[in-house]
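Asks: Numbering (my numbering), first residue to last: 23 to 226.
#1: Restricting to runs no shorter than 3 residues, where is the beta strand (DSSP E) found entirely within the segment 147-187?
#2: Alpha carbon to alpha carbon, what distance is there between residue 197 and residue 177?
#3: Using the Cα positions of residue 175 and residue 141, report the straight-line distance between them to the nearest angstrom.
#4: When burial is assigned at 16 or more other CB atoms within 10 Å of the CB, is residue 170 buried or exposed?
#5: For residue 190, which three-state DSSP category applies?
#6: Less than 8 Å between the C-beta atoms of residue 128 and residue 102, yes or no?
#7: Going by the beta-carbon positions, is the gap between residue 106 and residue 136 smaller than 8 Å?
#8: Only counting the same chain, and skipping five residues up and downstream in sequence, which positions put a Cβ closer than 6 Å to that of residue 205?
#9: What residue does the alpha helix (DSSP H) around residue 205 start on, and which one ends it?
#10: Name the residue from 110, 181, 112 and 133 whose alpha carbon lies nearest to the alpha carbon of residue 143.
#11: Count the other CB atoms within 10 Å of the CB of residue 159; is the residue buried (16 or more) or exposed (fewer)?
#12: Here's a check: name, in chain order, each residue in its chain whose Cβ is nearer than 8 Å to the Cβ of residue 211, leaving out the five neighbours to either side.
#13: Just verifying my parser: in three-state terms, what is the DSSP assignment at residue 234?
#14: On a CA-only basis, which of 123, 202 and 193 is nearest residue 172? Give me that one, please.
#15: Report the three-state DSSP secondary structure of residue 222 (helix, strand or coil).
#16: Does residue 105 come within less than 8 Å of chain D when only Cβ atoms are used?
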């Protein structure tokens with residue numbers, strides 16, 4: 023007869039309580055490689071777009087609406103003492119630009135804004151300045167002969183030693199003292215509109 027040894031078991035003393043520890047199992051779901059790649063690719067366009075916007079904000083040049091003192095057009099191009107005759111500046115904004123000695127003869131500047139611009143010694147011979155914003159512009163020694171300023175705004179503009187022979191000032195609102203100043207030197211007829219300069223200024 024073969025005898026097989028039976029392993030003994032530890033028996034807890036009578037009356038004692040045994041503690042059973044039941045560990046809670048947690049399910050951890052790990053993304054597959056394909057899912058991880060899809061997630062990264064979905065975030066990439068948003069990241070690139072944000073980076074592009076940040077770069078654009080850092081390197082965007084000043085707006086042409088806010089050209090100040092430097093005499094540019096918002097693109098870094100200086101205008102002082104330049105020959106810009108016969109150029110098209112319709113609707114352009116040259117806010118407080120330095121236009122000293124610039125030649126705008128025959129240029130089309132309808133609806134342009136030269137607010138606060140420094141136009142000393144500038145030439146606007148035969149230029150079209152219809153409905154242009156010329157408020158606070160310094161036209162000292164400027165040549166406005168044969169220019170058409172119909173409907174232009176000239177509040178607080180300075181016209182010291184300006185040449186206005188043959189210019190048309192139809193519908194331009196002027197302070198009484200400025201009107202009298204211009205009427206003293208007004209003469210000629212505009213070759214484009216046929217308007218007499220003194221008549222357009224309502225000179226007495």
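All C-beta atoms in this analysis are idealised placements derived from N, C-alpha and C, irrespective of residue type, glycine included.
Replies: Considering the structure as presented:
#1: Those beta strand (DSSP E) runs which fall completely within the segment 147-187 and span 3+ residues do not exist here.
#2: Taking the straight line from one Cα to the other gives about 8 Å.
#3: Rounded to the nearest angstrom, the two C-alpha atoms are 15 Å apart.
#4: Result: buried.
#5: If DSSP states are grouped into helix, strand and coil, residue 190 belongs with the strands.
#6: No, Cβ-Cβ distance for residue 128 and residue 102 is not below 8 Å.
#7: No, they are not a contact pair.
#8: Leaving aside the five residues that flank residue 205 on each side, the residues in its chain whose CB is nearer than 6 Å to its CB run, in chain order, 223 and 225.
#9: Counting along the chain, the alpha helix (DSSP H) containing residue 205 begins and ends at 198-205.
#10: Answer by Cα proximity: 181.
#11: With a 10 Å radius around the Cβ and a threshold of 16 neighbouring Cβ atoms, residue 159 comes out buried.
#12: Here the set comprises 188, 217, 218 and 219.
#13: Because residue 234 is not part of the residues shown, which for the chain are 23 to 226, the question remains open.
#14: Proximity to residue 172 across 123, 202 and 193 peaks at 193, based on C-alpha coordinates.
#15: DSSP places residue 222 in helix when its eight states are reduced to three.
#16: Among the chains of the structure shown, chain D does not appear; only one protein chain is present.
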